[in-house]
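Everything on this sheet refers to the single structure shown next.
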Amino acid sequence: MVTRGDAAAWSPACDAYFARFASGVYDTFNHLQLILPADRAHVVADRGDLVIGHAGVDGIEFCFRKGMPGVHAWYGIECEHRLVARDLDDLLRRWNDRSLTL
Numbered sequence: 006m007v008t009r010g011d012a013a014a015w016s017p018a019c020d021a022y023f024a025r026f027a028s029g030v031y032d033t034f035n036h037l038q039l040i041l042p043a044d045r046a047h048v049v050a051d052r053g054d055l056v057i058g059h060a061g062v063d064g065i066e067f068c069f070r071k072g073m074p075g076v077h078a079w080y081g082i083e084c085e086h087r088l089v090a091r092d093l094d095d096l097l098r099r100w101n102d103r104s105l106t107l
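Residue numbers for the sequence shown follow my numbering, beginning at 6 and rising by one.
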């Protein structure tokens, strides 16, 4: 479990996560825990990631990266990050209107 204090290295990107999304976001249409509850968020130290969600396909994880703005997707198969949203509100908007391509 990552606490808000533990996540200071990912601030300010993670501030909204702990303030507004700490309970997570479940996508009922896709039967997917899109944004993880704070007690399931975790750090992947070798990548410098705070993982806060999953896309539900191909092991793609949504994360904050140390020192970088926005929400990124980690593509485990390709071992690369891609910026996918300005912030969590943008991620949810794009996910829900199906404009987010992964």
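In this text, a Cβ means the ideal position worked out from N, Cα and C, and glycines have one as well.
Item: Local Cβ density within 10 Å of PHE69, reported as buried at 16 or more and exposed below that; Value: buried
Item: Same chain only: Cβ atoms within 8 Å of LEU105, ignoring 5 sequence neighbours per side; Value: VAL89, ALA90, LEU96, ARG99
Item: Stretch-stretch touch, CB-based, cutoff 8 Å, three pairs: the region 55-70 with the region 27-42; Value: yes
Item: Exposure label - VAL62; buried when at least 16 CB within 10 Å; Value: exposed
Item: Nearest-angstrom Cα separation, counted from ASP94 out to ALA24; Value: 12 Å
Item: Identity of the residues DSSP links to PHE34 by a beta bridge; Value: Paired residue(s): none; PHE34 is not in a bridge.
Item: 8 Å contact criterion, which GLY64 and GLY81 should meet: CB distance rounded; Value: 4 Å
Item: Sequence ranges, beta strand (DSSP E) only - wholly within the region 40-90, length at least 3; Value: 47-49, 54-59, 66-70, 76-80, 85-90
Item: Assumed close pair VAL76, ASP51 - CB separation to whole angstroms, cut-off 8 Å; Value: Not quite, the Cβ-Cβ distance comes to about 20 Å (not below 8 Å), so this is no contact.
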